[in-house]
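Residue numbers for the sequence shown, in mature numbering (1 follows the signal peptide of the UniProt record, and there is no 0): -20 to -1, 1 to 142. Below you'll find the structure, written out as structure tokens, and then a few comments.
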Amino acid sequence: MNRSLVIASAVVFASIGLTACGGGSDKGSDATTTAPTTTAPANTASGNTDAVTVVKVDGKDLTGVDLSNVGCSKQGDRFAIGAGGTSGGVGATLKDGNPPTVETVGITVDGTALAVGPGVGKATVKVDGDRYTITGTATGASVSNPMAGMVSKDFEIVVTCT
């Protein structure tokens, strides 16, 4: 159980950290949502200011996170999505493919750090144009009381990256 807790915590913080580095509101660049072509830029970033982003954990809206400006960033064959706030954050990394795959998800909600990554949780992504819908079950623990045990929660992230 301690190993799973360490892995889950590492995935959460790495996922949020990756999305924080790549986010932003650079309206002058394009985020590629399909498999890269030789004419697509290798690194792009965009802010999500034109569409509604929804993040739900156990069917409830995620609070404490500014979802009005979600960062979307493409780096090589990886795509990162994320947002932060005073009391939580959400981040995901996807790998290009047909279909794309979810590599990591990190969500902090109500003092609990939740993660999807190698050997922890599960997630899938559906892409419809610029709209990404990531669903699954994340595993984690309370940040203030990690010895309370592991928890698993269903989640849904819907974001449009332009």
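The beta carbon of each residue, even a glycine, is placed where N, CA and C say it ideally should be.
Extent of the continuous beta strand (DSSP E) to which S122 belongs: For S122, the uninterrupted beta strand (DSSP E) segment begins and ends at R111 to S122.
Pairwise C-alpha distance: V34 and D41: Taking the CA atoms as reference points, D41 sits about 7 Å from V34.
Delimiting residues of the beta strand (DSSP E) encompassing residue 144: A question about residue 144 goes unanswered here, because the residues of the chain that appear run from -20 up to 142.
Sequence-distant residues of its chain with Cβ nearer than 6 Å to G129 (five each side left out): If we look at G129 and ignore the five residues flanking it on each side, it has no Cβ neighbours.
Unbroken beta strand (DSSP E) run spanning G86, endpoints: For G86, the enclosing beta strand (DSSP E) covers residues T81 to V89.
Buried/exposed call for S124, threshold 16 Cβ in 10 Å: Around the beta-carbon of S124, fewer than 16 other beta-carbon atoms lie within 10 Å, marking it exposed.
F135 beta carbon less than 8 Å from that of I61: Taking a C-beta distance under 8 Å as the contact criterion, I61 and F135 do not qualify as a contact pair.
Beta carbon of S67 nearer than 8 Å to that of G39: S67 places its beta carbon 8 Å or farther from that of G39.
Counted within 10 angstroms of its Cβ, other Cβ atoms place I137 as buried (16 or more) or exposed: Looking at its Cβ environment, which holds 16 or more other Cβ atoms inside 10 Å, I137 is buried.
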